[in-house]
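So the number in the working numbering is just where the residue sits in the sequence shown, counting from 1, plus 1.
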Amino acid sequence: MPRPASDKRARLTAAAIDLTRTGGFDAATIARIADAAQVPSGSVYYYFKTKDDVAAAVATGIGHRLAESRAALPGDAREALTGFLRSYLTEIEATVTDGTLLATASAVGSGDAHREALAWLQERFEALGFTAAAARARALHLLAGVEGGAALARALGEAEPLEREVAHLERWVANAGT
């Protein structure tokens, strides 16, 4: 049964994200995106006129994915921060092989997903009673730590650096503001 035409852009964006994450942005050619999304190559240009349009779709799509993941976390600030950290372990094999979604967003030159994640983290630390400046510093530390652990895990081809950093940051969050 054919898919509705209305989901073509979503399928193309998902394919572009996956190709960019697994092979780098250069691997996300129009032909490969079309093939992965099961869309005729010629119709891709209706949605993405240029490679810059593909990059924008990748960055925006990643931002939406990550925002949806954060929205599903518990409302309690400490539990949400812990859930955020543990989310890095849910796809640890992909992270070791291909890096994180935030790293993929960086690969296309967008810092928007990072800014959104930092703002969300900062809000959680503020909810724990930290001033805006202290909450920002803690948000930067947490994101740098977990993304750094993920980058090292990818570089070494093993999960241990990320697993250890998540465990360390979970303890740090558990003691934050107490």
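Even glycine gets a Cβ: it sits at the ideal position worked out from N, Cα and C.
query: Cβ pair count under 8 Å reaching 3, the segment 59–79 against the segment 116–125; result: yes
query: Close beta carbons around T123, own chain, < 7 Å, minus the five adjacent residues each side; result: According to the sequence as given, residue 123 is Gln; it is not Thr. The answer, listed in chain order, is A136, R137, A140.
query: Of the listed residues Y89, G112, R172, nearest to R155 (C-alpha basis); result: Y89
query: L153: first and last residue of the uninterrupted alpha helix (DSSP H) it sits in; result: 133–157
query: Chain-order list of residues whose beta-carbon lies under 7 Å from that of A60 (same chain, five-residue window excluded); result: A106, V109, S111, D113, A114
query: Alpha helix (DSSP H) segments (min. 4 residues) lying fully within the segment 65–108; result: 78–91, 93–99, 102–108
query: Reduced DSSP secondary structure (H/G/I, E/B, other) of K9; result: helix
query: CA-to-CA distance, A32 to G149, given in whole angstroms; result: 33 Å
query: Contact under 7 Å by Cβ, A38 with R12; result: yes
query: Residue span of the alpha helix (DSSP H) that contains L170, given as start and end; result: 161–175
query: Rounded separation between P162 and L129 - CA only; result: 27 Å
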